[in-house]
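>
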Amino acid sequence: MRHTVHFLCPVNMSTVSGLQDACLKALGNGATQINLHISSPGGELLAGFTAYHFLKSLPVPVHTHNLSNVESIATVIYLAGCDRRVNPGSRFLIHPLQWGFTNHAADHARIAEWVRSLDNDMKRFIDILTAETKNSGTDWYAKIENASFIDAENAVSFGLADCEIRATLEGSVTNWWVNC
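Quick look at the structure:
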(Lines of atoms letter the chains of each structure in order from A; the text may use other names.)
(Lines give C-alpha, C1' and ligand atoms only; values in the text may rest on other atoms or scores of the structure.)
Protein backbone atom coordinates (compact mmCIF):
# COMPACT_ATOMS: atom_id res chain seq x y z
CA MET A 17 0.00 0.00 0.00
CA ARG A 18 1.37 3.38 -1.04
CA HIS A 19 1.11 6.23 1.46
CA THR A 20 2.03 9.84 0.63
CA VAL A 21 3.67 12.16 3.15
CA HIS A 22 3.53 15.89 2.36
CA PHE A 23 6.50 17.91 3.65
CA LEU A 24 5.93 21.56 2.68
CA CYS A 25 7.93 23.10 5.51
CA PRO A 26 11.25 24.59 6.49
CA VAL A 27 13.71 22.00 7.79
CA ASN A 28 14.07 22.13 11.58
CA MET A 29 13.95 19.60 14.39
CA SER A 30 10.20 20.13 14.90
CA THR A 31 9.28 19.54 11.25
CA VAL A 32 11.67 16.59 10.98
CA SER A 33 10.02 15.08 14.08
CA GLY A 34 6.71 15.56 12.27
CA LEU A 35 8.16 13.83 9.19
CA GLN A 36 9.33 10.91 11.32
CA ASP A 37 5.94 10.70 13.01
CA ALA A 38 4.06 10.71 9.67
CA CYS A 39 6.32 8.00 8.22
CA LEU A 40 6.01 5.82 11.32
CA LYS A 41 2.21 6.23 11.28
CA ALA A 42 2.19 5.25 7.60
CA LEU A 43 4.19 2.12 8.42
CA GLY A 44 1.86 1.36 11.33
CA ASN A 45 -1.04 1.61 8.89
CA GLY A 46 0.41 -0.93 6.47
CA ALA A 47 2.46 1.22 4.09
CA THR A 48 4.65 -0.84 1.77
CA GLN A 49 5.90 2.30 0.01
CA ILE A 50 6.14 5.92 1.10
CA ASN A 51 5.94 8.77 -1.38
CA LEU A 52 7.43 11.95 0.02
CA HIS A 53 6.10 15.08 -1.70
CA ILE A 54 8.51 17.84 -0.74
CA SER A 55 8.80 21.58 -1.22
CA SER A 56 11.05 23.31 1.29
CA PRO A 57 13.28 26.38 1.60
CA GLY A 58 15.76 24.33 3.64
CA GLY A 59 16.82 25.22 7.15
CA GLU A 60 18.87 23.57 9.87
CA LEU A 61 21.75 21.31 8.82
CA LEU A 62 21.47 18.92 11.77
CA ALA A 63 17.76 18.39 11.13
CA GLY A 64 18.33 17.77 7.42
CA PHE A 65 21.02 15.15 7.94
CA THR A 66 18.84 13.51 10.60
CA ALA A 67 15.89 13.30 8.20
CA TYR A 68 18.07 11.82 5.43
CA HIS A 69 19.38 9.03 7.64
CA PHE A 70 15.94 8.36 9.11
CA LEU A 71 14.38 7.97 5.65
CA LYS A 72 17.22 5.69 4.55
CA SER A 73 16.55 3.49 7.60
CA LEU A 74 12.92 2.78 6.76
CA PRO A 75 12.07 -0.82 5.86
CA VAL A 76 10.02 0.22 2.79
CA PRO A 77 10.99 2.09 -0.38
CA VAL A 78 10.78 5.88 -0.13
CA HIS A 79 10.05 7.75 -3.37
CA THR A 80 10.64 11.50 -3.31
CA HIS A 81 9.03 14.12 -5.53
CA ASN A 82 10.10 17.79 -5.78
CA LEU A 83 6.78 19.62 -6.05
CA SER A 84 8.20 23.12 -6.54
CA ASN A 85 11.32 24.18 -4.64
CA VAL A 86 13.80 21.97 -2.85
CA GLU A 87 16.48 24.23 -1.47
CA SER A 88 19.62 23.99 0.60
CA ILE A 89 19.60 21.14 3.16
CA ALA A 90 16.16 20.01 1.92
CA THR A 91 18.09 18.65 -1.08
CA VAL A 92 19.68 16.07 1.22
CA ILE A 93 16.23 14.96 2.42
CA TYR A 94 15.04 14.67 -1.18
CA LEU A 95 18.10 12.56 -2.05
CA ALA A 96 17.02 9.90 0.46
CA GLY A 97 14.52 8.64 -2.12
CA CYS A 98 15.28 5.44 -4.01
CA ASP A 99 13.21 6.88 -6.87
CA ARG A 100 13.39 10.65 -7.26
CA ARG A 101 11.05 12.68 -9.41
CA VAL A 102 10.77 16.36 -10.16
CA ASN A 103 7.77 18.40 -11.33
CA PRO A 104 8.19 20.38 -14.53
CA GLY A 105 9.02 23.97 -13.61
CA SER A 106 10.42 23.08 -10.19
CA ARG A 107 13.94 23.80 -9.02
CA PHE A 108 16.71 22.99 -6.61
CA LEU A 109 18.98 25.53 -4.93
CA ILE A 110 22.29 24.53 -3.46
CA HIS A 111 24.45 27.20 -1.89
CA PRO A 112 27.21 27.67 0.70
CA LEU A 113 26.23 26.26 4.07
CA GLN A 114 25.66 28.68 6.89
CA TRP A 115 24.86 28.88 10.54
CA GLY A 116 23.06 31.62 12.40
CA PHE A 117 24.57 33.02 15.57
CA THR A 118 22.51 34.62 18.27
CA ASN A 119 23.69 35.40 21.77
CA HIS A 120 26.89 33.36 21.50
CA ALA A 121 30.09 34.37 23.19
CA ALA A 122 33.06 32.42 21.92
CA ASP A 123 36.77 32.18 22.34
CA HIS A 124 39.21 31.30 19.57
CA ALA A 125 38.98 27.54 20.22
CA ARG A 126 35.18 27.55 19.98
CA ILE A 127 35.20 29.52 16.72
CA ALA A 128 37.79 27.10 15.29
CA GLU A 129 35.53 24.20 16.31
CA TRP A 130 32.56 25.82 14.52
CA VAL A 131 34.62 26.23 11.34
CA ARG A 132 35.71 22.57 11.46
CA SER A 133 32.10 21.50 12.06
CA LEU A 134 30.82 23.58 9.14
CA ASP A 135 33.59 22.14 6.93
CA ASN A 136 32.53 18.65 8.02
CA ASP A 137 28.88 19.41 7.21
CA MET A 138 29.97 20.56 3.72
CA LYS A 139 31.87 17.30 3.25
CA ARG A 140 28.84 15.27 4.37
CA PHE A 141 26.59 17.24 2.00
CA ILE A 142 28.94 16.65 -0.94
CA ASP A 143 29.42 12.98 -0.01
CA ILE A 144 25.63 12.46 -0.09
CA LEU A 145 25.29 14.37 -3.39
CA THR A 146 28.09 12.31 -4.94
CA ALA A 147 26.82 8.95 -3.69
CA GLU A 148 23.15 9.53 -4.50
CA THR A 149 23.82 10.94 -7.98
CA LYS A 150 25.99 7.89 -8.74
CA ASN A 151 29.13 9.99 -9.19
CA SER A 152 27.58 11.82 -12.15
CA GLY A 153 30.79 13.77 -12.65
CA THR A 154 29.18 16.98 -11.44
CA ASP A 155 31.48 19.26 -9.44
CA TRP A 156 29.14 19.63 -6.49
CA TYR A 157 31.59 21.75 -4.52
CA ALA A 158 31.64 24.35 -7.32
CA LYS A 159 27.84 24.22 -7.66
CA ILE A 160 27.46 24.86 -3.92
CA GLU A 161 30.07 27.62 -3.80
CA ASN A 162 28.39 29.39 -6.73
CA ALA A 163 24.87 29.20 -5.24
CA SER A 164 23.39 27.22 -8.11
CA PHE A 165 19.77 26.98 -9.18
CA ILE A 166 19.11 23.67 -10.92
CA ASP A 167 15.95 23.34 -12.99
CA ALA A 168 14.02 20.12 -13.56
CA GLU A 169 15.75 19.24 -16.82
CA ASN A 170 19.24 19.74 -15.41
CA ALA A 171 18.27 17.89 -12.21
CA VAL A 172 17.79 14.79 -14.36
CA SER A 173 21.05 15.28 -16.27
CA PHE A 174 22.99 15.85 -13.02
CA GLY A 175 21.49 12.71 -11.46
CA LEU A 176 19.53 14.54 -8.76
CA ALA A 177 16.25 13.30 -10.22
CA ASP A 178 15.41 10.12 -12.11
CA CYS A 179 12.72 11.75 -14.24
CA GLU A 180 10.70 14.90 -14.79
CA ILE A 181 7.01 14.16 -14.34
CA ARG A 182 4.03 15.84 -12.73
CA ALA A 183 3.25 14.62 -9.19
CA THR A 184 0.10 12.64 -8.66
CA LEU A 185 -1.78 11.09 -5.77
CA GLU A 186 -2.95 8.22 -7.96
CA GLY A 187 -2.53 4.94 -6.13
CA SER A 188 -1.93 6.61 -2.77
CA VAL A 189 -4.10 4.96 -0.13
CA THR A 190 -3.50 7.54 2.61
CA ASN A 191 -2.06 11.05 2.84
CA TRP A 192 -0.12 12.42 5.80
CA TRP A 193 0.81 16.07 6.35
CA VAL A 194 3.73 17.46 8.31
CA ASN A 195 2.60 20.60 10.13
CA CYS A 196 4.96 23.55 10.15
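Each residue of the sequence shown is one higher than the one before, starting from 17 at the first, in the working numbering.
Heads up, the beta-carbon is just placed ideally off N, CA and C, and yes, glycines get one too.
Note that the structure is a prediction, hence the values are computed from the model and not measured.
1) Taking a contact to mean a Cβ-Cβ separation below 9 Å, would you say V86 touches L43 in this structure?
2) Do D37 and the ligand MG come close, with the Cβ less than 8 Å from some heavy atom?
3) Here's the rule: buried if 16 or more other CB atoms are within 10 angstroms of the residue's CB, otherwise exposed. What is V131?
4) Classify S173 as buried or exposed, calling it buried when 16 or more other Cβ atoms lie within 10 Å of its own Cβ.
5) Pull up the CB-CB distance for H53 and H22, whole angstroms please, since I reckon it's below 8 Å.
6) Can you look up F23 in the DSSP assignment and give me helix, strand or coil?
7) Please classify G97: is it buried, with 16 or more other beta-carbons within 10 angstroms of its beta-carbon, or exposed?
8) Residues in the same chain with beta-carbon distance under 8 Å from I160, minus the five sequence neighbours each way, listed in chain order, please.
On the basis of the supplied data:
1) Contact flag unset, no.
2) No copy of the ligand MG occurs in the structure displayed, which carries no ligand at all.
3) By the 10 Å Cβ count, V131 comes out exposed.
4) exposed
5) 5 Å
6) strand
7) buried
8) I110, H111, P112, L113, M138, F141, I142
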